[in-house]
Amino acid sequence: MNELPVGRRVAQWRVRRNMTQQQFADRLGKSKSWVDKVERGVRRLERVSNLREVAETLRIDVEVLLAARPVRATPVAAGVDGIRTALARYHLPGTDRPSLTEELGARLGHAEQSYRHARYPALLALLPGLLDAVREAHAARPGGTDALLVSVYALIALVLVKVDQGELAWLAADRGMTVALAAHDPQLAGLATVSLSQALRSRGRRRSALDAALVAADRIGAHWVGGVPPASLGLRVTLLLQAGLAAAGGGDERLARQSLDQAATIARDIGPDGPGGGAGSEGSGSGGAVFGIGGFGRAAVEAARVVADAALGDVDTATARHERLVTGDEWRCLPPEHRAAYLLDVARAYALAGDMHRAVRAVLDAERTARSEVHDRPAVRKLVAVVWRSADAPAGLAQLAATLRVT
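Okay, so the sequence shown: first residue is 66 according to our numbering, each after it adds one.
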């Protein structure tokens, strides 16, 4: 029965309830023709309100009508366990031939792309092996692989935040910070701070996240004499965005505006020809790629402003700014992960404002942009549970709610 379309399930349950099409139509206040078209699939039940009405008349739950297939054991849980085991592995067996830096850089690049496209189950599966390989190379070539190791720890922390493993993310980010500080490289320290700040914010430690991001941003600015290279400027923007979001989350409007304004000024100076877009890979002078997570282009700054406005309670400004952002030319410069995560933040803002129609649209847009961002993030279930009950919600959202088991 799970394989049947909704219309056929309606017909089967109608027959089970010993109703003719005319009797069913009378109880719904519809015509017999309407019922016939629904059952034959000619007419779709487009609204959650329609689904609820039909389900109530048939004396069944909506999810029975939708008949979402049983959710199989998610690979996310297994991936988190693998990372936890890798982080707890303090003594590696060692190897006479550690992987070459170039090979590890290529593997890291693949992992970064998985993050940018929100392929979280696949990313969680490959990160433990990558961490082991980079740690072995770091033991064999201290200093020469600092950037690789910091980048891997940062990536681990970020994906753990995505799947609501904030404490474990904090541990991974702290490991990366330890390596970065030992290297005495402000660029590496700044990179490590991006993931540390996100991990801290995920645990509600906004002040600590704010302080860490501002210190790292200031040190990057002070490190260079005669001008900061574009790559470092981009990282500084990312840190200022983290600071602004942390401040907004803590209700500090003045510091939030100040940090975001500063980020906007730097991003404007970099210009469209600078290292752009969302998560850029930048060299650090230490060998290997550095994962400069988080966008630092103008679209990323505007997205952060929207989220900050909503956090500060200025939902009207946030929603107006959002509508301008998504119709602009630079919106598509952000990677799918960034766009989808942002759309979920916007959905929360719309829900707070009572605009459930736009909240639903933002959730479904996020799912189309990066499916795993919606399906593999535990925090999203609470949002879906709120918005799917809207009478204006389309049937597609009810299907999503059933799949996530939040109905």
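In this text, a Cβ means the ideal position worked out from N, Cα and C, and glycines have one as well. Please read these numbers as outputs of a predicted model, since none were measured by experiment.
- For residue 72, the enclosing alpha helix (DSSP H) begins and ends at 71-81.
- The stretch 419-428 and the stretch 72-83 do not touch, with fewer than 3 CB-CB distances between them shorter than 8 Å.
- The three-state secondary structure of residue 459, taken from DSSP, is strand.
- Under the DSSP assignment, residue 185 falls in the alpha helix (DSSP H) whose first and last residues are 185-205.
- Taking C-alpha positions only, residue 396 is separated from residue 407 by approximately 11 Å.
- By a beta-carbon distance limit of 8 Å, residue 365 contacts residue 399. Their separation comes to about 6 Å.
- For the pair residue 150 and residue 224, the Cα-to-Cα distance works out to about 16 Å.
- As the crow flies, the alpha-carbon of residue 100 is around 22 Å from that of residue 462.
- Take the alpha-carbon of residue 233 and the one of residue 206: they are about 27 Å apart.
- Per DSSP, the beta-bridge partners of residue 112 are 459.
- Here residue 152 is actually not in contact with residue 198; their C-beta atoms are around 15 Å apart, not less than 8 Å.
- Judged by beta-carbon spacing, residue 301 lies within the 8 Å limit of residue 285, meaning their Cβ atoms are closer than that value.
- The straight-line gap separating the alpha-carbon atoms of residue 146 and residue 189 is approximately 9 Å.
- Within the stretch 353-441, the complete beta strand (DSSP E) segments of 3 residues or longer fall at 354-357, listed in chain order.
- Between residue 324 and residue 309, the C-beta gap is smaller than 8 Å, which places the two residues in contact.
- According to the DSSP assignment, residue 171 belongs to the alpha helix (DSSP H) that extends over 166-181.
- In this structure residue 394 is not in contact with residue 386, their Cβ atoms being roughly 16 Å apart against a cut-off of 8 Å.
- Judged by DSSP in its simplified three-state form, residue 315 adopts coil rather than helix or strand.
- Around the Cβ of residue 441, a 10 Å sphere holds 16 or more other Cβ atoms; the residue is buried.
- About 7 Å separates the Cβ atoms of residue 228 and residue 185, confirming a contact at the 8 Å cut-off.
- Within the same chain, and ignoring the five residues on either side of residue 275 in sequence, the residues whose Cβ sits closer than 6 Å to its Cβ are 308, 311 and 312.
- Apart from the 5 residues on each side of it in sequence, residue 236 sits with its Cβ closer than 7 Å to the Cβ of 152 in its chain, given in chain order.
- In the three-state scheme derived from DSSP, where H, G and I count as helix and E and B as strand, residue 155 is classed as coil.
- Here residue 210 is buried. Its C-beta has 16 or more other C-beta atoms within 10 Å.
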